Each structure stands twice: as structure tokens, then as C-alpha cells.
Amino acid sequence: MSDVVLDHSAGTPVMQTVSAPRPGVLAAAGWLLEGARSALFLAPRWQRLTASPWQMAFQMLLQLGLSVLLQRISVDGDAVFIWRALVAGWFGAILNAWLCYLIQPDPQVRRGPHSAPGAAHLFTLLIALSTCFTLLIWGLYFALIRSGAFAEDSPWGQSLAWSLPLLWCELARLVLLLRAARPLAPLRTMVIIGVLMLIAVMEYHLAPAPTAWRAVPKVEDQPQEEPFTLSQEVMEAQLSLLDEQLDALKPQRPGMIDMYTITFAPYQGEEVFRRESAMVADVMAKRFDAAGRGLQLINHRKTAEQLPWATPLNLQRAIEGIGDIMDRDEDVLFIHLTSHGASDGELAANFWPIDVEPVMPPELKEWLDAAGIRYRVLSISACFAGNWIAPLAADGTLVMTASDADHTSYGCGKKSPLTFFGRAMYDEQLRTTTRSFTEAHAAARKIILQRETEAGKDDGYSNPQIKVGSKIVPVLERMNKRLTEKP
């Protein structure tokens, strides 16, 4: 197998052939070998390398796979894969590819006795060089920090494991690019140096984040809850429980804006969701004159015979039932959903041994529309809850979430008394400070950011969201005015 190159040594381009190494594993190993030589500031032997789209893709996938694997090894115990980390950090790769084309837009050429790389060769070698430094950086991390030689937050440990290897990597890239660029105009050389400095700054501030793995909170040494037992008595109690509680709701008062409430906690495995549901229901009853006009739907063994279960069908029936009681053109329905959330917007549900389906945003909107309820305040306390904003947004709707569509929320572990969002939004702001959902949400955002930073949340600010429809604003203002003036 051979490559055709151009010989410029005689002043006139002449076609020549250069033998190429065998493809496959040997070719990939050859790229890594020359990447290691470049890391040691040695001149790469271009005549040994053959660039192809497959080889370039292999080197990129190899580097990505190693990074994901090493990040997983660095996380103790169970971990959740954050796939969005795979789409981060590509801007630097694009800048590197552009630099390679700027340096040598032509195919591989021969100048005298030496071969000069084309853009594809140069870019593939940069990837192989980065792979070598990926192994070096993570090797130092495990040797210095994970071994206990340096503390996790030690400046010396961080410098030796991350900062110094990154500086070394950028210098090796610069030497490789300038070596391949000779001779170039001074302006183009300055562009190369400037872009590389930009890439270095980006990688320094973004490494080692974003991480592809997030540790699952450990639950050992936690007292285990008794399992839920599904008995005939429990089943019979549930059959009529929702209808009985709907019948017990207070009627709508003509000429007065009443608020009806539903709290929905479908995940039995975390006590925090049951506590939050009860807390939010209490705040709404006391601060928004909703006492006697609220339902709690909860999946938990402690309330299995007292409160309706948090299933999609029960939520739909609760919305329909309240829609028949309230003045749908005047009153407001408040719904608070609290559970774990998935990146596609799915609200997790669990009540073993009962099989409970999750709730999705379009379903909730469909049920509200079918019930004819015009004015809605919807609160979603879950990871990735920002996925609920667009499907639920409407002129008569205020929808707020504990996080945006790309980040997790915080405080839903077994040791948490309340989620960060529920605590800041309801227990602290709406309970005592304000009755305005927008004011409470704005204040809660700042509090949550501070608490997440102090707690060491490592996958980014949860970034709670809110969307306020124009037609619900005057309705809430009139209701708040009445509540404020109430003796």
C-alpha cells in the first residue's frame, strides 16, 4: 500500500509514492507512538503515518472512550451517566481543525528529504497527542490525589495532576504546529499562537469538568424503611378514597378567586418527597386560603390508607373532579409535582409492588385542557424539570421548575429534609415573605445557587426556571390583594 505525494524539491511539483504502514491496529499504534514523540517535543515521522477518515474517527473515539472510562473509575460506587458531557468541549476541537487547515490546506507533500503533513495528518496527530496527555493526566490524578498523596482540594495536587500537564500539552501542540507550519508568514504564526492560547484557557477552566458521570448518593448506614405490604384492606380503602376526598372539598365562593391545590409525590423510595408534599400543601392552605380545597396524592406506605395514591389515573381524576367543583373561569388550580426526573422530562414513579407509570408533560396539559381549567400554577420539583416549561406554557398558566432542561436539581436524597427548591421556594419564601410566585422564585434562585455551591454540586447550577402567562398575572394579583387585606 502506498500514498502519492508531491515533491517540491526541484522547484517543480513531481508525483512520488511513499510507502505507508499497514492499516488497522498497527496504524493506530503508529499514530499514538508519534503522538508520544510529539509530546516529548520530538519531530514526528510523517512518512510512517497514513491519514484517513476512519483513522481520524478511531483516534477521536479512542480518546473519548478513554476519558469516559477513566472518569467512571474515578467515581466510587454507583454512578449515573450524563450523556450531555459527550457534546461538550468540541469547540476546541473545531478550532484545532481550523488551525490545521490554515497551516497546510494541501495534501501531504514532500519538501526535499522531509515529508510535510496535510491538514488531515496534522489534525489526527493532534488527537493522538491529546490521547497521550489524557492518559498522563488521569495517571497523575490517580497516583497523587486518589492515592491520598495530596488532598482533593490541595493546590499542589491540583497543579501536579491537572495544571502542569495541561501547560505541557499546550506547549507540545504549539511546537508541533509551528514545526509543521515552517515557513509561514509571521501574521499566520501569531494567529496560531493566539488560537492555541484561547484553547488552553478554555481547557484549563473546563478541565476536568464536564464529567460524564455523577455519583449516586450513598445510602449505607441509613435505617431501612419497612416494605409496603399490599393487603386487601389497603386496596379496599383506596377504592373510594379519592372520590370521598373530592366530595369533601369546600365549594367555590362566587365572586371570589379561590385556589384549589394538588400535591403529587409518586416516588415511594424517598421520604423527602412525602415531606415536601405535606409542607407545600400546608403553605398553600395557610397562605393562599386553600384550606379544605386541597388534595395530596402520595405513594408511601405510611399514608397508603389515608391518602390517594399518586398514579397518573388518580391525578387525571383529581383534576377532573376539582374542575367540576371550582369556577373554571375564575379560580386557580395549583399543582406541585415532586419526584426524581429524567432528561426527557419523565417524572419518576415507584410504589412496589404496584406498577405505576411515570407522568409526562403533554399528559398533564391534556388533562388540564380536558377539564377546562383556565388558570393554572404548576410547580415541578425534579431533575431536568425545565423540560416541562414549553409543553405547559400558556397565557393562563404560571409554570415554574426546580431546574432547567439540562441540569439536575438538588436535595432529593434520603438525608434531605426537603429539596433545595421546595425549601427555598415554599418553606422560606412563600410561607413568610411573599405571596408572589415570581418574587419567591427570583429569591429562591439566589438561595439555591449559594447552597448548591456550598454543598459542592459538581454538575452545574440547577438553574430553576419560570414562565408566566399574561392572562394569569391579573388573576393572581387580585387574589393576593384580597389575601393581603384579609384581617
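Residue numbers for the sequence shown follow our numbering, beginning at 893 and rising by one. Where a beta carbon is used, it is the ideal one built from N, C-alpha and C, also for glycine. Quick caveat: nothing in here was measured; it's all calculated off a predicted structure.
Could you have a look at residue i and say whether DSSP puts it in helix, strand or coil?
| i | result |
| --- | --- |
| arginine 1268 | strand |
| arginine 1374 | helix |
| alanine 1157 | strand |
| lysine 1194 | helix |
| glycine 1031 | helix |
| methionine 1317 | helix |
| tyrosine 1152 | strand |
| threonine 1203 | coil |
| glutamine 939 | helix |
| glycine 1348 | coil |
| phenylalanine 1015 | helix |
| lysine 1363 | coil |
| glutamine 1357 | strand |
| serine 1273 | strand |
| phenylalanine 973 | strand |
| glutamine 1137 | helix |
| glutamine 1188 | strand |
| threonine 1387 | The shown model of the chain, from 893 to 1379, leaves out residue 1387, and the question about it has no answer. |
| glutamate 1062 | helix |
| glutamate 1212 | helix |
| histidine 1299 | coil |
Taking the alpha-carbon of residue i as reference, which of the options has the nearest alpha-carbon?
| i | options | result |
| --- | --- | --- |
| phenylalanine 1226 | Asn988, Gln1160 and Tyr1152 | Tyr1152 |
| aspartate 1181 | Pro1158, Ala1041 and Ile1149 | Ile1149 |
| alanine 985 | Ser1271, Gln955 and Asp1287 | Gln955 |
| glutamate 1222 | Glu926, Trp1259 and Met1371 | Met1371 |
| leucine 961 | Leu1027, Phe933 and Ala1012 | Leu1027 |
| tyrosine 1353 | Thr1300, Ala1173 and Ile1364 | Thr1300 |
| valine 1367 | Pro1356, Gly1288 and Ala1335 | Gly1288 |
| isoleucine 1190 | Tyr993, Pro1158 and Gly927 | Pro1158 |
| glutamate 1062 | Ile1211, Lys1349, Ala1294 and Ser930 | Ser930 |
| tyrosine 993 | Asp968, Leu1069 and Glu1377 | Leu1069 |
| arginine 1166 | His1232, Lys1373 and Val967 | His1232 |
Establish whether the CB of residue i and some CB of chain C are separated by less than 9 angstroms.
| i | result |
| --- | --- |
| glutamate 1163 | Among the chains of the structure shown, chain C does not appear; only one protein chain is present. |
If I measure Cβ to Cβ from residue i and keep anything under 6 angstroms in the same chain, skipping five residues before and after, which residues do I get?
| i | result |
| --- | --- |
| alanine 1073 | Ile995 |
| asparagine 1279 | Gly1237 and Ala1297 |
| histidine 1097 | Any reading at histidine 1097 must be qualified, since the residue scores a pLDDT of 46, below 50, and its modelled position is unreliable; the value itself is stated next. Counting only Cβ-Cβ distances below 6 angstroms, and skipping sequence neighbours, we find nothing. |
| glycine 1314 | Glu1168 and Ser1273 |
| alanine 1173 | Thr1155, Gly1186 and Gln1188 |
| alanine 1202 | Phe1156, Ala1157, Pro1158, Leu1189, Ile1190 and Asn1191 |
| alanine 1183 | Ala1177 |
| alanine 1012 | Ala943 |
| phenylalanine 1312 | Tyr1302, Gly1303, Ile1340 and Arg1343 |
Please return the same chain residues whose Cβ sits closer than 7 angstroms to the Cβ of residue i, not counting the five positions on each side in sequence.
| i | result |
| --- | --- |
| leucine 1032 | Leu1052, Ala1053 and Pro1057 |
| glutamine 1137 | Leu1187 and Pro1200 |
| alanine 1286 | Gly1361 |
| proline 1250 | Glu1238, Leu1239, Ala1240 and Ala1241 |
| glycine 927 | Leu1017, Ala1020, Leu1021, Thr1023 and Cys1024 |
| alanine 935 | Arg1071 |
| phenylalanine 959 | With the sequence shown as reference, residue 959 is identified as serine, and phenylalanine is not the correct amino acid for it. The residues are Thr1026. |
Considering only residues of the same chain and omitting the five flanking positions on each side of residue i, which have a CB-CB separation below 8 angstroms?
| i | result |
| --- | --- |
| aspartate 1319 | Met1171, Val1175 and Leu1310 |
| alanine 920 | Gln947, Phe950, Gln951 and Leu954 |
| asparagine 1242 | Pro1158, Tyr1159, Gln1160, Gly1161, Asn1191 and Val1248 |
*Counting Cβ pairs, one atom from each stretch, are 3 or more of them under 8 angstroms apart for the stretch 942-957 and the stretch 1016-1023?*
yes
_With three or more beta-carbon pairs closer than 8 angstroms as the criterion, would you say the stretch 1250-1270 touches the stretch 1213-1220?_
yes
*Of all the beta strand (DSSP E) runs that stay within the bounds of the stretch 1216-1259, which reach a length of 3 or more residues?*
1224-1230
*Answer yes if the stretch 1316-1332 comes into contact with the stretch 1252-1259, meaning at least three C-beta pairs across the two stretches below 8 angstroms, and no otherwise.*
no
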